[in-house]
Every structure is written in structure tokens, then in C-alpha cells.
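The sequence shown runs 1351 to 1777 under the numbering used here. All C-beta atoms in this analysis are idealised placements derived from N, C-alpha and C, irrespective of residue type, glycine included. No experiment lies behind these values; they were computed from the predicted model shown. Working notes for the structure below.
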Amino acid sequence: MPRRKAAMAVGAVAALGAAAFLLPHADASQDPGDGGPAPGAGGTARTLRATDAPDLDARLRKILGDAFAGSYYDSARQQLVVNVVGGDDNVVVQARKAGAAVRQVDNSTAELRAAARTLRTRAAIPGTSWAVDPRTDKVLVTADSTVTGAEWARLRSVVRSLGSGMATLKKSSGTFRTFASGGDAIFSRVQGGNVRCSLGFNVTAADGSPAFLTAGHCGVAAEKWSDAETGEPVATVDQATFPGDGDFSLVKYDDPATRVPSEVNAGDGRTVPIGRAAEATVGQAVFRMGSTTGLHDGQVTGLDATVNFQSETDPNGVDTVTGLIQTDVCAEPGDSGGSLFTQDGSALGLTSGGSGDCTGGGETFFQPVTTALRATGATLGSAGDQSGAGTGDEAGAGGGGDASAPSGASGSGAADDDGSSSPTGTR
């Protein structure tokens, strides 16, 4: 079996027409507006990189306790803004001493989570989603174009019942769907045709076997996967979660001698080394690689998101997935399972689904990699390539960077005989 089949390109092997990292990148700056800190609210807040924001966030959660009401990274000021509830001046002083910009808000984390639970109980309508937005201190509820008539009225009524200061409702012009078709990354033949998804990150399974992570709805749809539409399977699904508490699959390579690097193939012969798994932060600049649309960038807009996909097996059913990362990065069918990562080479997520496309934009949701690693017991990278890549429990809390090209990108890819590019070490 050719070695390029035994080591599928990470993320995707579709070559882009232009140099991937010369694409125009979105400005990740945040407009303070009603979601930013008031002038002077930061006090002595220190300037920090986006990669350091999750570490400070973790410290603040411990310091502030029940007074902590979320945080986000303000890339324009290069500060972490922390929301604080209550009038305890000592709490504010502690947060500022830790280095954060402080913003006093009305809604506590417990209240926002209670609002999300109410939505789950009363408004789990196909084509809806919600996530906590710390920039507005509210739950952001989104309905796609299929939510109309009585369902729209029901959703609007539930949102209103939460109170005007607790949630906001917006309409999306697209349709929420999982992105499991199109592209040329990984394929499976199933009854009725082919399923096509994107590979996320290469990992080592708990038993030492070489494997990779992709979307759970891809793993549920098919068991055997190939790197060519008409090729023989080279990997088999070991674990798959979808719907429910996540959207991730662990797929083991059939050849136990398979060795693949911990990197993302970003197209045009370029690769980005992946050194660790990290938690996402609202306001963080991110990159997404998928087999259909290639490399795109944007920022994290929400965490712990719940998405209600229309069930593909039950016309009247809903596939609810919780615990996702919400972003404004575009994606299209075939990008499912693809890599969400940062400039410094931190693995953040696996593409789950969303609405819109890469022409008009939209919302896209990602399975956190840290959760997938913990659930499967896997470790980033292959057994022979563990250069700093941690397991889910050891994953660094970093990740981020500005909206420029990934600094870890290298041009070390080589062209395969079919004209596509594969990362170093996969030939």
C-alpha cells in the first residue's frame, strides 16, 4: 500500500489556487460598543498575547469564584476583559492585580447557564443554537432560515421569557447542517453513495495505535475510511460521539506501523506544526482548514454552544449537540472534522457544522479538541512524533495569536504524483 495512503494529509490535501498564507485575513479587533469595557475600566490591566489569555482566565476563575461571569480577549487593547458580578470592591481589586481589565455586569455565570437550560428544555427546535457571549453578558440565540411560523413564535416567546437583559435573538440567512459531504480528504462508501469529510488531527490512541480525530457525525455515518474516493479503506472508526455531549470520532489506522506527523496541511505545500491542544477564548483569532474550502480565518464568538441540527434520520427529529465552540469562520459541506487551530500551532477544534458558506459567511461550530482527547484517551501526534503534544488532561491552556498568517507555517510539503500536496513525513 502506498505510504501516502497510509498517512492521510492532516486537515485536507486540496491545493489552493493561491498561496494559502497570503490570503487577506479578517481584523480580529473588537469594537468595545456595549460589549467592551468602559474607559478606564481596565485600571492597571496588563498587555498580553492571545496565547496567554486562557491561562489568566483560569486564574481568575479560581480567584473570583462565584463573582466570575466570563471573560474575553480584546485584541484591539491586547487585554483580557473579565466580567464580575456583585459590588465587592475587593473582588475588583483582585482581578485587576491579576492583570485583567474589569467590567462589572448584571448576569452571573449561574444565571446564564440557567437560561441555556431553559432554552434546552423549551426551545430545542431544529435550526437553532445558543451560546454565552461574555462581550454582551447575554446568551446569544440564533435561528436559521428554516425556523418560521409557529416555531419562530415559540422561540421568540421563550427568549422573551428569559428577560430583556438575559438573551438576544438573531436570524441567520443560512441553514444549520453538519458538513459531511464534498471535498477530497477522507472518503467512505456507504449504502446510497459516498460520505466525504476532513481529517482533523493525527493522534495516538490510548493503546498506542496510530489514529486521527474527525467529526462524530462522520464516524457515525461510516465505519471504514480511505484517503481516495475509489481507494481501499485505510482506517476504521474506534469511537464516535454524535449527537449529545459532543461531535467527535477516534479513527484508527489499519496499519499499526503508520507514522504521521502532528501538523496541519494548509495547502500549497505548506504545513503548520501542531504542538499542543488548547482551550478556546472568546475574541481569539483562529484558522480553519477543510477539504472543500481550504484555509480560512476568523475569531471565536462563543463557548459551550448548543446546536440543534435537523435529524438526518428522522424528519421530525433533532440532533442536539452541546459543548461546542462558536466562530464566524466560514465552512461548507466536506469541511466536517477539519482542523481549527491557532497561529502558534495549538489544536482547538474539529469542524462540526453551521450555516452559510464561504461566499456570504455564517456561523460555524467546532468540537473542542481537549474534550475529544479526554473522552477517547488519545494523545496528539503519532507515537514516534510526540514533540510537546499533550493529551487531553495535559493540554496547555493557551492558543491564539493575531489574524496574521500562522507563524509556524513551513513550505516543506512535497507534491504527490496526483498533484495534491502532502506534509513532510507522509510520503
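### Task
Tell me, to the nearest whole angstrom, how far the beta carbon of T1645 is from that of G1619; I am working on the premise that it is less than 8 angstroms.
The question names Thr, yet the displayed sequence has Leu at residue 1645. The pair is not a contact, with the Cβ atoms about 13 angstroms apart (cut-off 8 angstroms).
### Task
Identify every run of the alpha helix (DSSP H) within the segment 1392–1467, keeping only runs that are complete inside it and at least 4 residues long; order them along the chain.
Correct list: 1403–1414, 1439–1448.
### Task
Throw me the rounded Cβ distance for the R1638 and V1671 pair, which I believe falls under 8 angstroms.
That pair is no contact at about 18 angstroms.
### Query
When the Cβ atoms of the segment 1543–1552 are set against those of the segment 1677–1691, are three or more pairs found closer than 8 angstroms?
With a cut-off of 8 angstroms, the segment 1677–1691 and the segment 1543–1552 count as touching, because enough Cβ pairs lie within range.
### Query
Under the three-state reduction of DSSP, which class applies to R1626: helix, strand or coil?
In the three-state reduction of the DSSP assignment, R1626 falls in the strand class.
### Query
By Cβ distance, which residues of its chain are closer than 8 angstroms to G1710, with the 5 residues on each side in sequence left out?
Excluding sequence positions up to five before and after G1710, its CB lies within less than 8 angstroms of the CB of S1523, G1524, all in the same chain and listed in chain order.
### Query
By how many angstroms is the C-alpha of R1411 removed from the C-alpha of D1694?
D1694 and R1411: Cα-Cα distance of roughly 24 angstroms.
### Query
Where does A1753 sit, in a helix, a strand or coil, going by DSSP?
In this prediction, A1753 scores a pLDDT of 38, lower than 50, which makes its location untrustworthy; the coordinate-derived value is nonetheless stated afterwards. Of the three classes helix, strand and coil, the one that applies to A1753 here is coil, per DSSP.
### Query
To which residues of the same chain is T1631 closer than 6 angstroms at the C-beta, ignoring the five residues directly before and after it?
Within the same chain, Cβ atoms closer than 6 angstroms to the Cβ of T1631 are found at A1403, P1404, Y1423, the five residues on either side in sequence being excluded.
### Query
Can you list the beta strand (DSSP E) stretches of 3 or more residues lying completely in the segment 1606–1671, in chain order?
1613–1617, 1620–1623, 1635–1640, 1644–1660, all fully within the segment 1606–1671.
### Message
With H, G and I counted as helix, E and B as strand and the rest as coil, what does DSSP make of T1580?
### Response
Residue state, collapsed to three classes: coil.
### Query
Below 8 angstroms, can you find three or more Cβ-Cβ pairs linking the segment 1555–1571 to the segment 1585–1602?
Cβ pair count under 8 angstroms is three or more, so yes.
### Task
Rank K1574, V1491, L1414 by C-alpha distance to the C-alpha of R1453 and give the top, closest one.
The residue with the shortest Cα to Cα distance from R1453 is L1414.
### Query
Residues bridged to P1587 by DSSP?
The residue asked about is misnamed: residue 1587 is Val in this sequence, not Pro. In DSSP, V1587 forms a bridge with V1601.
### Cβ-Cβ separation, G1704 to G1712 (assumed contact under 8 angstroms), whole Å
Right, their Cβ atoms sit about 6 angstroms apart.
### Task
Please work out which residues of its chain come closer than 7 angstroms, Cβ to Cβ, to I1624, disregarding the five sequence neighbours upstream and downstream, and give them in chain order.
Once the five neighbours on either side are set aside, the close Cβ partners of I1624 are F1551, S1612, E1613, V1614, F1691, G1695, A1697, L1730, A1739.
### Query
Thinking just about the alpha-carbon of each residue, which of T1714, N1658, G1673, T1726 is nearest to the one in G1477?
G1477 has its Cα closest to that of N1658, out of T1714, N1658, G1673, T1726.
### Task
Specify the secondary structure class of T1709 as computed by DSSP and reduced to three states.
DSSP places T1709 in coil when its eight states are reduced to three.
### Straight-line Cα distance separating V1636 from G1648
G1648 and V1636: Cα-Cα distance of roughly 6 angstroms.
### Message
I'd like the span of the beta strand (DSSP E) that includes A1697, first residue to last.
### Response
A1697 -> beta strand (DSSP E) spans 1696–1704.
### Task
Excluding the 5 residues preceding and the 5 following W1480 in the sequence, name in chain order all residues of the same chain whose CB lies nearer than 8 angstroms to its CB.
Sequence-distant partners of W1480 (beyond 5 residues in either direction) whose C-beta falls short of 8 angstroms from its own C-beta, in its chain, are A1466, L1469, V1489, L1490, V1491, T1492, A1517, A1655, T1656.
### Backbone CA spacing between Q1717 and R1396 [nearest angstrom]
Taking C-alpha positions only, Q1717 is separated from R1396 by approximately 31 angstroms.
### Task
Go ahead and pull the three-state DSSP assignment for C1568.
If DSSP states are grouped into helix, strand and coil, C1568 belongs with the helices.
### A1400 versus A1426: straight-line alpha-carbon distance, rounded
Taking the Cα positions, A1400 is about 11 angstroms away from A1426.
### Query
If you drop the 5 nearest sequence neighbours on each side, which residues of the same chain put their C-beta closer than 8 angstroms to that of A1728?
Cβ within range, chain order: V1553, T1554, A1555, A1556, A1561, L1563, L1600, A1722, T1741, G1742.
### Alpha-carbon spacing of S1661 relative to G1667, whole angstroms
The straight-line gap separating the alpha-carbon atoms of S1661 and G1667 is approximately 5 angstroms.
### Task
Assign N1433 to one of two classes, buried (16 or more other C-beta atoms within 10 Å of its C-beta) or exposed (fewer than that).
Around the CB of N1433, 16 or more other CB atoms lie within 10 Å, so the residue is classed as buried.
### Message
Helix, strand or coil, according to DSSP, for S1689 in the structure here?
### Response
In this structure, S1689 counts as strand in the three-state DSSP scheme.
### Query
In angstroms, rounded to a whole number, what distance separates the CA positions of E1461 and V1508?
Taking the straight line joining both Cα atoms gives about 15 angstroms.
### Task
Quick one: residues in its chain with C-beta nearer than 8 angstroms to the C-beta of R1506, no 5 flanking neighbours on either side, listed in chain order?
Closer than 8 angstroms at Cβ, skipping near neighbours: L1519.
### Query
Nearest CA to the CA of T1580: which residue from D1597, F1537, L1512, Y1603?
Answer by Cα proximity: F1537.
### Message
Quick check: the Cα distance between E1582 and R1539, rounded to an integer number of angstroms?
### Response
The straight-line gap from Cα to Cα measures roughly 10 angstroms.
### Query
Taking the alpha-carbon positions, what's the D1604 to A1628 distance?
Distance between the alpha carbons of D1604 and A1628: 28 angstroms.
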